[in-house]
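Those letters in the sequence shown? Residues 1 to 507, per the UniProt record's numbering, in order.
Worksheet: the structure to be examined is printed underneath.
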Amino acid sequence: MRPRRFSCLNHSSAPFARPPNTTATVRSHTTTTKNTTTTTTAAMVAENFEAVLKGKYPAKAHARRVVDILRQKAPKAGGVFYLESTKTKLQEDNDSPEHFRQRRFFYYLTGCNMADCAVAYDTAADKLTLFIPPIDPDDVIWSGLPVSIDDALARYDVDEVKYTNEVNATLAHLASRAGPASTVFALAGQVSDHVTFLEFAAKDFEALKPAIETARVVKDEFEVAMIRKANHISSEAHGAVIRRARSARYERELEAAFLERCVAHGAKEMAYHPILAGGKAAATLHYVDNNAPLQGKQNVLIDAGAEWDNYASDITRTFPLSGKFTKESRDIYDIVYKMQQDCTGMIKAGMLWDDIHLHAHKIAIAGLLALGILRGDASEILAARTSAAFFPHGLGHYLGLDTHDVGGNPNRGDKDMLFRYLRLRGVIPAGSVVTVEPGVYFCEFIIKPYLEDPVHSKFIDAAVLERYWDVGGVRIEDNILVTENGFENLTTAIKEPAEIEAAVASG
Ligand code: GLY
Ligand code: MN
Ligand code: MN
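Written out as structure tokens, the structure reads:
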């Protein structure tokens with residue numbers, strides 16, 4: 001068998017996947033931004049993003065944005081950007097291609113989801129040229145006709161489309177036009193050996209990446225529509241999983257229920273490996289086995305999100321397998337729910353994410369004090385960082401072309417345990433999309449050392465804690481668009497405890 005050339009069509013250019021069947025799930029939900037409350041239906045939201053997505057991915061606007069950012073640092077910066085897409089790669093000792101994942105930096109400047117392409121952007125002429133693979137007659141019988149130059153021009157927001165065998169000649173022409181000061185900007189380690197850049201006076205492999213990373217933090221309307229669509233489909237899939245809870249015997253059956261809904265709606269790629277964790281497995285933050293039996297366990301934590309044309313969703317829900325939270329599970333669910341609601345309510349452009357994360361810890365401490373799991377003075381507990389035993393990860397991260405999107409400036413070397421795993425540090429701008437994902441977990445491996453350390457053990461009541469191990473862990477995660485005056489929640493999956501219980505019970 002000859003290998004198939006992998007060519008993954010974008011949804012925006014292929015016929016649209018059938019919109020989610022909103023008739024079964026239409027319900028009113030309230031979108032709260034600071035100062036405004038509007039009631040919309042799922043169907044209205046769906047229509048809005050579908051209308052936006054009928055346009056082209058705004059590659060040209062992205063290229064201009066990157067130039068603007070480069071020029072903030074170097075006012076005269078200019079020349080040619082050159083990027084290559086992911087290459088087709090065969091599996092080891094096999095003629096099938098490896099799973100294809102488009103390079104995000106290339107996608108950002110093209111909206112093109114095909115393998116073996118390249119792009120050049122001439123900053124002086126504001127001209128974007130996409131290079132696509134030429135027709136390989138031997139390949140057509142296996143893979144069908146590839147995208148033609150005319151197809152690509154109609155599909156992508158570029159000025160010109162050429163074949164990849166014209167890359168060097170085109171770059172030479174662009175360099176000669178730019179004259180003796182011509183610079184080519186590229187990404188280190190992502191340029192094919194046969195692409196020489198010989199005619200350019202200067203090569204810059206440093207500046208382009210951080211400039212695109214900065215550009216990617218603030219999303220435009222099209223990008224938000226992509227994330228919204230990924231959320232719309234994934235939220236419905238979360239509902240399907242919750243309704244499947246009572247009949248499922250193994251975690252994998254719930255994973256299958258999630259994937260079924262996503263794939264049926266055309267969202268075949270997951271933003272990350274789904275997490276379906278029953279009982280104590282929920283305390284393993286990135287549990288991926290999804291194979292254990294569910295019998296005898298209190299809750300399932302599902303952290304799963306589909307992509308839509310490379311844009312991620314990242315959603316977590318926790319639900320009781322019986323249809324009714326135990327007292328202990330509900331105690332913890334209520335704390336995490338309050339952390340999530342209150343921290344989301346703080347979001348608006350200009351807020352310091354670190355402060356919102358800190359606030360989540362304060363709510364966790366107050367809640368665990370009220371239950372008697374913690375004891376002592378709240379501010380002393382916060383100062384000792386004891387709450388990290390129960391909430392060991394960050395409140396959230398940027399979301400976009402990557403699940404843990406670029407531009408967050410984390411500091412993994414931070415000596416302060418409370419901030420070491422916070423993937424987003426600093427001020428959040430309008431147009432960025434963040435996850436808000438507080439959690440409270442009962443992980444023996446993490447908590448035991450705290451129980452043995454006198455700095456922390458005086459704040460923890462081990463006897464009360466004993467009743468909570470079987471809760472496993474609770475996390476609730478939504479995807480939030482930051483606006484000038486507040487926020488918009490892009491995630492529509494149910495999360496109110498009574499609604500969750502009713503959905504499980506209805507299954
Ligand atoms: N699903 C990975 C995360 O929540 O960050
Ligand atoms: Mn997640
Ligand atoms: Mn997340």
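Where a beta carbon is used, it is the ideal one built from N, C-alpha and C, also for glycine.
Three-state secondary structure (DSSP) of residue i
i           : result
P392        : coil
residue 508 : An answer regarding residue 508 cannot be provided, because it is not within the stretch 1 to 507 covered by the chain.
R385        : coil
T36         : Because the pLDDT of T36 is 42, which lies under 50, any placement of that residue in the model is unreliable, and the number read from its coordinates should be weighed accordingly. Here T36 sits in strand by DSSP.
N290        : coil
G278        : strand
E501        : helix
R64         : helix
D354        : helix
G507        : coil
Y333        : helix
residue 518 : In this structure the chain extends from 1 to 507, so residue 518 is not present and cannot be described.
N411        : coil
D342        : helix
residue 508 : Because the chain is modelled from 1 through 507, residue 508 falls outside the range shown and cannot be assessed.
Y450        : helix
E488        : strand
L90         : strand
F49         : helix
R423        : coil
L109        : coil
R475        : strand
I460        : strand
T22         : Interpretation of T22 is limited by its pLDDT of 32, a score under 50 that renders its predicted location unreliable; the figure taken from the coordinates is listed afterwards. Correct three-state label for T22: helix.
E496        : coil
Y439        : Before going further, note that residue 439 is Gly rather than Tyr in the sequence given. Reduced to three states, the DSSP call for G439 is strand.
E444        : helix
F81         : strand
L368        : helix
Spatial neighbours of residue i in its chain, beta-carbon cut-off 8 Å, leaving aside the 5 residues before and after
i    : result
V464 : L371, G372 and I373
D461 : G372, I373, L374 and R375
V434 : I347, W353, G396, H397, Y398, L399, L424, I428, N479, I480 and V482
Y163 : F131, I132, P133, P134 and I149
R330 : P497
K127 : Y121, D159 and E160
Spatial neighbours of residue i in its chain, beta-carbon cut-off 7 Å, leaving aside the 5 residues before and after
i    : result
F487 : T33, T344, I347, K348, I480 and L481
A124 : G78 and A178
H361 : L382, S387, F391 and L418
I365 : L374, A378, I381, L382 and S387
Proximal residues to residue i (C-beta, below 6 Å), its chain only, five neighbours per side dropped
i    : result
E160 : T129
T403 : A271, Y272, A312 and D314
A430 : A349, V482, T483 and E484
D408 : Residue 408 is actually Gly in this sequence, not Asp. Same-chain partners within the cutoff: H397, Y398, R423 and L424.
D470 : Q298
D116 : K87, T88 and P133
R385 : M417 and L418
E255 : P274, L276 and N290
Y421 : H393 and G394
G278 : E251, A292, L294, K297 and V300
Short Cβ contact (9 Å threshold) for residue i with residue j
i    : j    : result
I335 : G376 : no
Q298 : T326 : yes
A281 : A292 : yes
I500 : A283 : no
L70  : F200 : no
I494 : I242 : yes
R252 : L276 : yes
R317 : F49  : no
A120 : F106 : no
I212 : Y108 : yes
K73  : D157 : no
H393 : G439 : yes
W308 : A267 : yes
T196 : N231 : no
L187 : K203 : no
S85  : A63  : no
H359 : D342 : yes
L321 : V504 : yes
Contact test: residue i Cβ vs ligand 5 heavy atom, cutoff 8 Å
i    : result
I275 : As for ligand 5, it is missing from this structure, which binds only ligand 1, ligand 2 and ligand 3.
Legend entry - beta strand (DSSP E) runs wholly inside the region 198 to 256, at least 3 long, in chain order: 202 to 204
Inset, instruction - Taking 6 Å as the limit, tell me which residues put their C-beta closer than that to any heavy atom of ligand 3, in chain order. - result: D314, H397, T435, E437 and E477
Legend entry - Those runs of the alpha helix (DSSP H) which lie wholly inside the region 119 to 194 and span at least 4 residues: 137 to 143, 149 to 155 and 167 to 178
Legend entry - alpha helix (DSSP H) runs wholly inside the region 303 to 332, at least 4 long, in chain order: none
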